[in-house]
């Protein structure tokens with residue numbers, strides 16, 4: 010049914026409110042074959058990603074567990090009118106059905 | 010010299026720019042006996058905490074490693090004029106000298 014394999018469930022968190030991504034996490038885990046979902050974010054969206062994971066875990070997918078959290082840095086192209094590329098922090102939260 | 014034991018080095022990240030907390034991390038690790046530092050933040054400061062850890066790791070304390078990251082939720086008292094308590098996300102990043 011699903012085109013994705015169970016380990017390719019990645020949710021990219023952006024500037025929308027956390028509940029948008031909570032829905033994404035809950036939907037991803039709704040497939041019985043899905044055992045792992047990864048939530049990725051950069052910059053200010055890092056807080057939104059943590060919020061979404063916490064809301065999903067506490068309110069909706071009780072059998073979900075955080076199995077790994079990794080942080081890192083990515084180089085982004087310069088903003089218009091600037092000459093230096095920017096470094097931006099990233100987070101990757103791996104969730105597992107327990 | 011230090012009043013704190015080596016495992017009680019906790020840095021609370023708030024609303025200041027990341028560099029303020031980078032300085033805190035670098036200073037904490039400057040004690041030869043310090044093997045572990047924990048960086049804690051809530052809400053929007055979560056991004057600042059990740060930024061500070063990443064800057065410290067990349068630019069200043071190369072032998073530093075992220076040994077553990079935990080996320081959670083805390084209940085905060087209601088804002089003035091509101092009646093409901095608020096849930097706020099938290100992060101705890103444990104750093105080790107490698």
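Residue numbers (this note's numbering), protein chains in the order written: chain H, 10 to 107; chain P, 10 to 107.
Ideal placement from N, C-alpha and C gives every residue a C-beta, glycine not left out.
Residues that residue i bridges to, as DSSP identifies them
i: residue 83 (chain P); result: P:97
i: residue 104 (chain P); result: P:46, P:75
i: residue 19 (chain P); result: P:47
Three-state secondary structure assigned by DSSP to residue i
i: residue 24 (chain P); result: coil
i: residue 51 (chain H); result: strand
i: residue 35 (chain H); result: helix
i: residue 58 (chain P); result: helix
i: residue 88 (chain P); result: coil
i: residue 65 (chain H); result: helix
Contact set for residue i: own chain, Cβ-Cβ below 6 Å, skip 5 residues either direction
i: residue 14 (chain H); result: Note that residue 14 (chain H) scores a pLDDT of 49, beneath 50, so its modelled location is shaky and nothing firm can be said.
i: residue 10 (chain H); result: With a pLDDT of 45 at residue 10 (chain H), under the threshold of 50, the predicted position of this residue should be treated as unreliable, though the coordinate-derived value follows. Cβ neighbours of residue 10 (chain H) beyond the five flanking positions: none.
i: residue 83 (chain H); result: 97, 99
Minimum C-alpha distance to residue i - residue among the options
i: residue 107 (chain P); options: P:21, P:60, P:72, P:50; result: P:72
i: residue 53 (chain H); options: H:27, H:32, H:43; result: H:27
i: residue 46 (chain H); options: H:20, H:90, H:87, H:67; result: H:20
i: residue 65 (chain P); options: P:39, P:87, P:82; result: P:39
- Message: Which residues of the stretch 55-79 of chain P have a Cβ closer than 7 Å to any Cβ of chain H? Give them in chain order.
- Response: 55, 56, 59, 60, 62, 63, 67, 75, 78
- Note down, in chain order, all residues in the stretch 92-107 of chain H with a beta-carbon under 9 Å from any beta-carbon belonging to chain P. 96, 97, 98, 99, 100, 102
- Message: For the stretch 44-55 of chain P, list every residue whose C-beta sits within 7 Å of some C-beta in chain H, in sequence order.
- Response: 52, 53, 55
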